[in-house]
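Peer 1:
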Amino acid sequence: MTMRATEAPWGDYEVAKAELIGGLRGTVLELGAGRGANFSRLAADVEWIGLEPHASTRRALVRTAGFGRLKSAKVLAAPAENIPLPEASVDAVLSTVVLCSVTDLVAVLAEVRRVLRPGGQFVFFEHVAAPQGSWLYRLQRVAAPVTRRFDKGCNPARDIASAIQLAGFASVDLHRYVRPGPLRIPFIAGTAVRAALRGRNLRCGPRPASTPRRPDLT
16 MTMRATEAPW GDYEVAKAEL IGGLRGTVLE LGAGRGANFS RLAADVEWIG
66 LEPHASTRRA LVRTAGFGRL KSAKVLAAPA ENIPLPEASV DAVLSTVVLC
116 SVTDLVAVLA EVRRVLRPGG QFVFFEHVAA PQGSWLYRLQ RVAAPVTRRF
166 DKGCNPARDI ASAIQLAGFA SVDLHRYVRP GPLRIPFIAG TAVRAALRGR
216 NLRCGPRPAS TPRRPDLT
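Spelled out as structure tokens, the structure:
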């Protein structure tokens, strides 16, 4: 696996959203699609599939889905741990502040790899755990039981970055951001690519300086 991790100014976070989401083509699966906040960023020729497990949110999504603007749109009622699609059936998977709330992060990332076609990419935008030992990380740990109960299972102390890096993708290109404000919440954005078919080139990048530590996936 090749991996690149860099730090970038917060202003680049929204720029990355526009560029990465707007650059998606083919069949795009969006995890936890919510109420369709990403519709305006998607290209019109995308065949979009939205995965939304929460019934009330799913009803709102169906009403607001970009059925008229996108090439095609379909909403599925299922958790990301059990995606009801065949193996190698989508060109891209999109996740926007979803992985903090899934029940089994390892299973979700395995499902993402399974449904991606060879060479397909996982595009992610997530808030993540602060550095272990920091005051913010301690606060995230204290807040986690409350947010899990009242914010659809969100665990702000989950080490999503390391989980993605360890999930078996052929390459990971990850950028770190810090949102301005009193709490300075850390975010990540980037892409992870499923291995291409044997004999085809994989995306390249510098080797990591060291093996990533085991993530906090609780």
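The sequence shown lines up with residues 16 to 233 when you count with our numbering.
Don't be surprised by glycine CBs; every beta carbon is placed ideally from N, CA and C.
#1: Measuring alpha carbon to alpha carbon, tell me which of 78, 102 and 205 ends up nearest residue 133.
#2: Excluding sequence positions up to five away, which residues of its chain have a Cβ less than 8 angstroms from the Cβ of residue 59?
#3: DSSP three-state label for residue 74, please.
#4: With 16 other CB atoms within 10 Å as the buried threshold, where does residue 29 fall?
#5: With distances taken between CB atoms, is the gap from residue 61 to residue 136 smaller than 7 angstroms?
#6: Can you tell me whether residue 62 is helix, strand or coil according to DSSP?
#7: What is the DSSP secondary structure of residue 17, counted as helix, strand or coil?
#8: Please report how far the alpha carbon of residue 127 lies from the alpha carbon of residue 94, in whole angstroms.
#9: Distance check for residue 183 and residue 124, CA to CA, integer angstroms please.
#10: Identify the continuous alpha helix (DSSP H) that holds residue 27 and give its terminal residues.
#11: Residues in the same chain with beta-carbon distance under 8 angstroms from residue 27, minus the five sequence neighbours each way, listed in chain order, please.
#12: Output yes or no for whether 7 angstroms exceeds the beta carbon distance between residue 130 and residue 100.
#13: Out of curiosity, what's the CA-to-CA distance linking residue 79 and residue 66?
#14: My output table needs one value for residue 200: the three-state DSSP class, helix, strand or coil.
#15: Throw me the rounded Cβ distance for the residue 145 and residue 201 pair, which I believe falls under 8 angstroms.
#16: Would residue 212 be called buried (16 or more neighbouring beta carbons within 10 Å of its own) or exposed?
#17: If we call anything under 7 angstroms between Cβ atoms a contact, is residue 206 one with residue 138?
Peer 2: Checking against the coordinates, here is how it stands:
#1: 102
#2: 84, 85 and 86
#3: helix
#4: exposed
#5: no
#6: strand
#7: strand
#8: 12 angstroms
#9: 9 angstroms
#10: 26-37
#11: Taken in chain order, the residues that qualify are 190 and 192.
#12: Contact flag set, yes.
#13: 14 angstroms
#14: coil
#15: 6 angstroms
#16: exposed
#17: yes
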